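Throughout the sequence shown, residue numbering follows the working numbering, covering 67 to 371 in sequence. Just so it is clear, CB atoms sit at the ideal spot from N, CA and C, and this is done for glycine as well. The structure presented is a predicted model; accordingly, all values stated were derived computationally and were not measured.
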Amino acid sequence: MSRALLRILVVLVALVPVAAAAGEAKLKVVATFSILADLVTQVGGERVTVTSLVGPDADAHGYSPAPGDARRVAEADLVVVNGLGFEGWIERLIRASGTKAPVVTASHGITTIPASEDHDHDHTHGAEAGEHPDPHAWQSVANVKIYVINIRDALAKADPDHATDYAARAEAYRAQLDALENEIRTALSQIPESQRRVITTHDSFGYYAAAYGLRFLAPQGISTNSEAGPKDVARIIRQIRRDKIPAVFVESIADPRLMQQIARESGAKVGGRLFSDALSGPSGSAPTYLDMMRSNLRAFREALS
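Here it is in structure tokens:
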């Protein structure tokens with residue numbers, strides 16, 4: 067055998083492990099909605115294939131699973147849910163799918179706050195017995211750090227060979243979350259306290275209020291399935307006029323007409339578009355969780371400063 071041919075064989079043998087690694091099957095993860103799907107992607111990286119049942123700019127509150135969703139869940143290696151009653155349809159879907167995949171609740175371990183129409187008080191306590199918790203826990207960056215730990219541990223358990231990779235990615239992402247939280251606190255501290263009042267479509271920013279000192283009011287309740295009655299709308303309009311609240315905000319998943327009516331009748335301006343329960347598509351301003359929180363922060367600063 068010639069030396070040239072021998073060298074070629076040595077190179078080919080050396081490439082076999084690389085080719086095998088490149089051909090490794092990825093972990094199939096199903097997340098219930100787009101924000102969770104992004105967090106799984108950040109922690110899982112190239113090791114996972116993530117499917118979001120409820121896509122960008124879509125409302126998970128009233129979602130009706132499609133026939134293909136049961137198949138996606140059945141084929142998953144791991145299912146990631148928010149919990150806290152956010153996805154009222156997910157347990158039925160999991161049963162219907164017959165999946166054997168483990169189900170991880172990303173919000174496990176957070177300190178919940180009760181669902182309430184008025185967030186103008188301290189919510190540092192947990193939801194009391196008999197109260198429904200507010201499910202929108204991702205609106206606090208500190209809570210998302212807990213989400214990331216739960217996702218990291220679930221991925222490592224499902225794919226122990228790459229546990230070290232998941233741990234490293236989770237740690238790097240948590241550092242980005244630390245920077246984001248500092249950015250939010252610094253920016254909002256520059257807004258006069260009397261101006262830190264926000265009108266949103268539905269009651270989804272309670273954790274944000276508790277963490278960052280804004281006051282949120284909403285004509286709708288905790289779910290977009292609830293309807294704002296005339297008394298709710300009139301109450302909000304009176305409060306905007308009385309407290310001279312400068313702006314109302316339209317959420318990306320909501321029909322803008324209600325907030326436009328409130329702005330028109332109260333004299334407030336429409337302050338911008340907020341992302342509450344879903345990310346934007348790739349070409350929008352909030353394709354990732356980090357982008358979503360920064361997009362909302364810009365809207366608050368521009369309208370309230």
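Taken through DSSP and simplified to helix, strand or coil, Pro199 comes out as strand. For Pro168, the secondary structure class from DSSP, reduced to helix, strand or coil, is coil. The C-beta of Thr178 has 16 or more other C-beta atoms within 10 Å across all chains shown, which makes the residue buried. Note on Thr266: 16 or more other CB atoms within 10 angstroms of its CB, so buried under the neighbour-count rule. Comparing alpha carbon positions, the residue from Val95, Asn362 and Phe366 closest to Ala224 is Val95. Per DSSP, Leu356 is one residue of the alpha helix (DSSP H) stretching across Tyr355 to Leu370. Here Asn216 is near Val170, since their CB atoms are less than 9 Å apart. Ser255 counts as exposed, since fewer than 16 other beta carbons sit within 10 angstroms of its beta carbon. As DSSP reads the structure, Val214 sits in no beta bridge. Measuring C-alpha to C-alpha distances from Leu159 to each of Asn148, Arg138 and Pro348 identifies Arg138 as the nearest. Taking the Cα positions, Leu150 is about 35 Å away from Glu331.
Counting along the chain, the unbroken beta strand (DSSP E) around Arg263 starts and ends at Arg263 to Ile265. Apart from the 5 residues on each side of it in sequence, Val109 sits with its Cβ closer than 7 Å to the Cβ of Val214, Ile217, Arg218, Leu221, Tyr232, Arg235, Ala236 and Tyr239 in its chain, given in chain order. Assigned with DSSP and collapsed to three states, Ala313 falls in strand.
The alpha-carbon of Ala172 is positioned some 15 Å away from that of Leu119. For Arg137, the enclosing alpha helix (DSSP H) begins and ends at Pro133 to Ala140.
For Ser118, there is no enclosing alpha helix (DSSP H); the enclosing beta strand (DSSP E) covers residues Val114 to Val120. Contact annotation, Pro353 with Ala334: C-beta distance approximately 29 Å; criterion of less than 8 Å not satisfied. For Lys94, the three-state secondary structure derived from DSSP is strand. Under DSSP, Pro180 takes part in a beta bridge, and its partners are Pro199.
Nearest to Pro133 by alpha-carbon distance, out of Ser163, Asp123 and Asp143, is Ser163. Exposure of Ala91 is indicated by the presence of fewer than 16 other C-beta atoms within 10 angstroms of its C-beta. Within the region 222-287, the complete beta strand (DSSP E) segments of 3 residues or longer fall at 263-265 and 281-283, listed in chain order.
If you draw a 10 Å sphere on the C-beta of Asp309, you find fewer than 16 other C-beta atoms in it, and that means exposed. Taking C-beta separations shorter than 7 Å and ignoring five residues to either side along the sequence, the partners of Ala103 in its chain run Ala97, Val116 and Ser118, following chain order. For Leu144, there is no enclosing alpha helix (DSSP H); the enclosing beta strand (DSSP E) has its first and last residue at Leu144 to Val147. A distance below 8 Å between beta-carbons, with the five flanking residues on each side excluded, links Gln261 to the following residues of its chain, in chain order: Pro312, Leu370 and Ser371.
The three-state reading of DSSP puts Gly338 in strand, counting E and B together.
Gln327 has its alpha-carbon roughly 12 Å from the corresponding atom of Phe315. Shown here for Tyr273: same chain residues with a beta carbon closer than 8 Å to its own, the five before and five after excluded, namely Ile179, His189, Asp200, His202, Ala203, Trp204, Gln205, Ser206 and Asn209 in chain order.
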